[in-house]
């Protein structure tokens, strides 16, 4: 399968712990997006990379959230000092660029903070 | 980005056409209409997008009114696997296009 992959698929953590999620985009896609989805709501945009450059991060929910894409391939999203309100599905998407902007989503990482 | 309005839920009989409406009366001239769907426990899936002409692909057809204030996604022969939440999104078709999802329409295809 050459789609977007995310790891882990599920994460249970205790409040106050740090968590990191990984996203591997479709290989030729140079744009990568992170979204968060809470129960019953549509996904909410968090941040966006073009290659290794993070071009939009004003929508990250707080300074506890950070994302990297060090070599322009995979990306990580880290949440520090998790809170119960961080429980959600975290979705990654990628797009080709060059005039093609449809986004292809991964299956998501479901985070539960206890 | 312009706001969209969709019915909360719809039913459709298997094998019949599903017509999902979307209102986007504040759309601006350079904004496209995108449709995505999300099947339970999966990430959203791109379906189709258009600017002002009607579009068709292997999944669906998109009909945009002449004034561009509304559109309809048509699934010509709905199957049980088309049961999902369908999101109509309006936005610019450019780099860094952050999709602004609303509540979507929950389509239930019934046998």
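Chains as they are written, first to last, in my numbering: chain H, 3 to 116; chain L, 95 to 205. Backbone N, C-alpha and C define an ideal beta-carbon position, used for all residues, glycine too.
| Quick one: which chain L residues come within Cβ less than 7 angstroms of residue 105(H)? | Neighbours of residue 105(H) on chain L, chain order: 140 and 193.
| request: Can you pull the chain H residues whose beta carbon is under 7 angstroms from the beta carbon of residue 136(L), in chain order? | output: Here the neighbours are 109.
| field | Pick from 204(L), 134(L), 119(L) and 127(L) that is closest to residue 86(L), judged by C-alpha positions | value | Residue coverage of chain L in this structure runs from 95 to 205, which leaves residue 86(L) outside it and unanswerable.
| message | Counting beta carbon pairs with one atom in the stretch 174-194 of chain L and one in the stretch 103-116 of chain L, are three or more of them shorter than 8 angstroms? | response | Here the stretch 103-116 of chain L makes contact with the stretch 174-194 of chain L; the two share three or more CB pairs at distances below 8 angstroms.
| Every unbroken alpha helix (DSSP H) inside the stretch 25-51 of chain H [4 residues or more] | Secondary structure remark: continuous alpha helix (DSSP H) runs of at least 4 residues inside the stretch 25-51 of chain H: none found.
| message | Given a cut-off of 8 angstroms on the beta-carbon distance, is the pair residue 199(L) and residue 102(L) in contact? | response | Between residue 199(L) and residue 102(L), the C-beta gap is smaller than 8 angstroms, which places the two residues in contact.
| field | Unbroken beta strand (DSSP E) run spanning residue 62(H), endpoints | value | Here residue 62(H) belongs to no beta strand (DSSP E), and DSSP marks it neither H nor E.
| task | Return the chain-ordered list of same chain residues with a C-beta closer than 6 angstroms to the C-beta of residue 26(H), the five sequence neighbours on each side being excluded. | result | If we look at residue 26(H) and ignore the five residues flanking it on each side, its Cβ neighbours are 7 and 76.
| Among the residues of its own chain, which have a CB less than 6 angstroms from the CB of residue 18(H), if the five just before and after it don't count? | Hits under 6 angstroms: 83.
| residue 61(H) versus residue 69(H) - alpha carbon distance | Computed Cα separation, rounded: 12 angstroms.
| query | Just checking my contact of residue 163(L) with residue 119(L) at CB under 8 angstroms: how many whole Å lie between their CB atoms? | reply | Indeed they touch by this definition, with Cβ atoms about 4 angstroms apart.
| task | Could you pull out every residue in the same chain whose Cβ sits closer than 8 angstroms to the Cβ of residue 54(H), ignoring the five residues on either side in sequence? | result | Shown here for residue 54(H): same chain residues with a beta carbon closer than 8 angstroms to its own, the five before and five after excluded, namely 71, 72, 73 and 74 in chain order.
| CB contact below 8 angstroms: residue 67(H) versus chain L | Taking a beta-carbon distance threshold of 8 angstroms, residue 67(H) does not count as an interface residue toward chain L.
| task | Assign residue 185(L) to one of three DSSP states: helix, strand, or coil. | result | The answer is strand: DSSP assigns residue 185(L) an E or B state.
| field | beta strand (DSSP E) segment containing residue 200(L), residue limits | value | 199-204 is the extent of the beta strand (DSSP E) around residue 200(L).
| Going along the chain, which residues of its own chain have a beta-carbon closer than 6 angstroms to the beta-carbon of residue 91(H), five neighbours each way excluded? | Same-chain partners within the cutoff: 39, 110 and 112.
| field | Candidates 204(L), 197(L), 114(L) and 203(L): closest to residue 155(L) by CA position | value | Comparing alpha-carbon positions, the option among 204(L), 197(L), 114(L) and 203(L) lying closest to residue 155(L) turns out to be 114(L).
| request: Decide if residue 196(H) is buried, meaning its Cβ has at least 16 other Cβ atoms within 10 Å, or exposed. | output: Lying before the first or after the last residue shown, residue 196(H) is absent from chain H, which here runs from 3 to 116.
| Cross-chain neighbours of residue 118(L) in chain H, by beta carbon under 7 angstroms | Think of a sphere of 7 angstroms around the beta carbon of residue 118(L): no beta carbon from chain H falls inside it, the nearest being about 15 angstroms out.
| How would you write the range of the beta strand (DSSP E) that residue 107(L) sits in, first residue to last? | First-last of the beta strand (DSSP E) with residue 107(L): 103-107.
| Limits of the unbroken beta strand (DSSP E) element including residue 115(L) | That run of the beta strand (DSSP E) goes 112-117.
| query | Which residue from 13(H), 34(H), 23(H) and 15(H) puts its Cα closest to that of residue 104(H)? | reply | It is 34(H).
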